[in-house]
Amino acid sequence: MVQQESPDQPSVVDFLKQADERSSALYPSESRFGSPLTALLADNIRFFVARADGKALGCGGYAVFPDGSAEIKRLFVDPAARGQGVGLRLVQAIEAAAAQDGVRQIFLETGVKSHEALGLYRRIGFRECGPFGSYANDPLSIFMVKSFEPA
Numbered sequence: 037m038v039q040q041e042s043p044d045q046p047s048v049v050d051f052l053k054q055a056d057e058r059s060s061a062l063y064p065s066e067s068r069f070g071s072p073l074t075a076l077l078a079d080n081i082r083f084f085v086a087r088a089d090g091k092a093l094g095c096g097g098y099a100v101f102p103d104g105s106a107e108i109k110r111l112f113v114d115p116a117a118r119g120q121g122v123g124l125r126l127v128q129a130i131e132a133a134a135a136q137d138g139v140r141q142i143f144l145e146t147g148v149k150s151h152e153a154l155g156l157y158r159r160i161g162f163r164e165c166g167p168f169g170s171y172a173n174d175p176l177s178i179f180m181v182k183s184f185e186p187a
C-alpha cells in the first residue's frame, strides 16, 4: 500500500541515508542533487511511503512548482524489496496525486548509472528532455518528463 506520509520518520530517514550513500558511491558531489530532509518538509512537497504489513519498502515524493509542473523527488526502494513493483506503485501514486493537484507535466532528474530507475521511467512513459528548473546540464544526469491530463 502506498500512502501520503511525512518524510520525517525513521524508516524514511534511513532510506534517504541509503540513497545518499549509493549516490556518493556512483557520482561526484557536484553531480548529486538529492533534496535534504528539511527541503522535503516544505509546503509544496507531497511525500509517499510504500508499505507491506506496516514495513516501509520505499518512498518518494514530488514538488509542485508555481508554473503548475512538478518534479519527482527522492524515489528510493529498499534493496530487499526491489523487483517487486514497489517503485512502479510509488510513481503511480505520485502521478495520481500530482494529477489531483492539477499538474500536467512531471519532471525528474536521475543519474546515468541508475539503470533500474531509468528502465522503469522509460517503461511508464517518461522521455528524456533538457535540464529544467534550476538544474544545469550535467553529463552524469538524465532529465526526463512525462505529460498527462490532470484529474
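For the sequence shown, counting from 1, position 138 maps to 174 in the working numbering; every step adds exactly one.
Where is the CB? At the ideal position from N, CA and C, for every residue including glycine.
- A residue is called buried when at least 16 other Cβ atoms come within 10 angstroms of its Cβ; Thr146 meets this threshold and is buried.
- About 7 Å separates the beta carbons of Glu164 and Phe179, which is inside the 8 Å limit, making them a contact pair.
- In the three-state reduction of the DSSP assignment, Ser60 falls in the helix class, which pools H, G and I.
- As computed with DSSP, Leu144 is found in a beta bridge with Met180.
- Looking at the DSSP output, Phe101 shares a beta bridge with no other residue.
- Here DSSP, grouped into helix, strand and coil, assigns Val127 to helix.
- By the neighbour-count criterion, in which 16 or more other beta carbons inside 10 Å mark a residue as buried, Arg158 falls on the exposed side.
- Note on Lys91: under 16 other CB atoms within 10 angstroms of its CB, so exposed under the neighbour-count rule.
- Counting of Cβ neighbours within 10 angstroms places Gly94 among the buried residues, the total reaching 16 or more.
- Distances from the alpha-carbon of Leu156 to those of Ala135, Phe112, Asn173 and Ala133 put Phe112 closest.
- In the structure shown, the three-state DSSP call for Val38 is strand.
- Taking 8 Å as the upper bound for CB-CB distance, Val139 and Phe162 are not in contact here, some 14 Å apart.
- If you look at Leu111, you'll find it in the beta strand (DSSP E) that goes Ala106 to Val113.
- The DSSP-derived three-state label of Gly155 is helix.
- The alpha-carbon separation between Arg87 and Asn173 amounts to approximately 35 Å.
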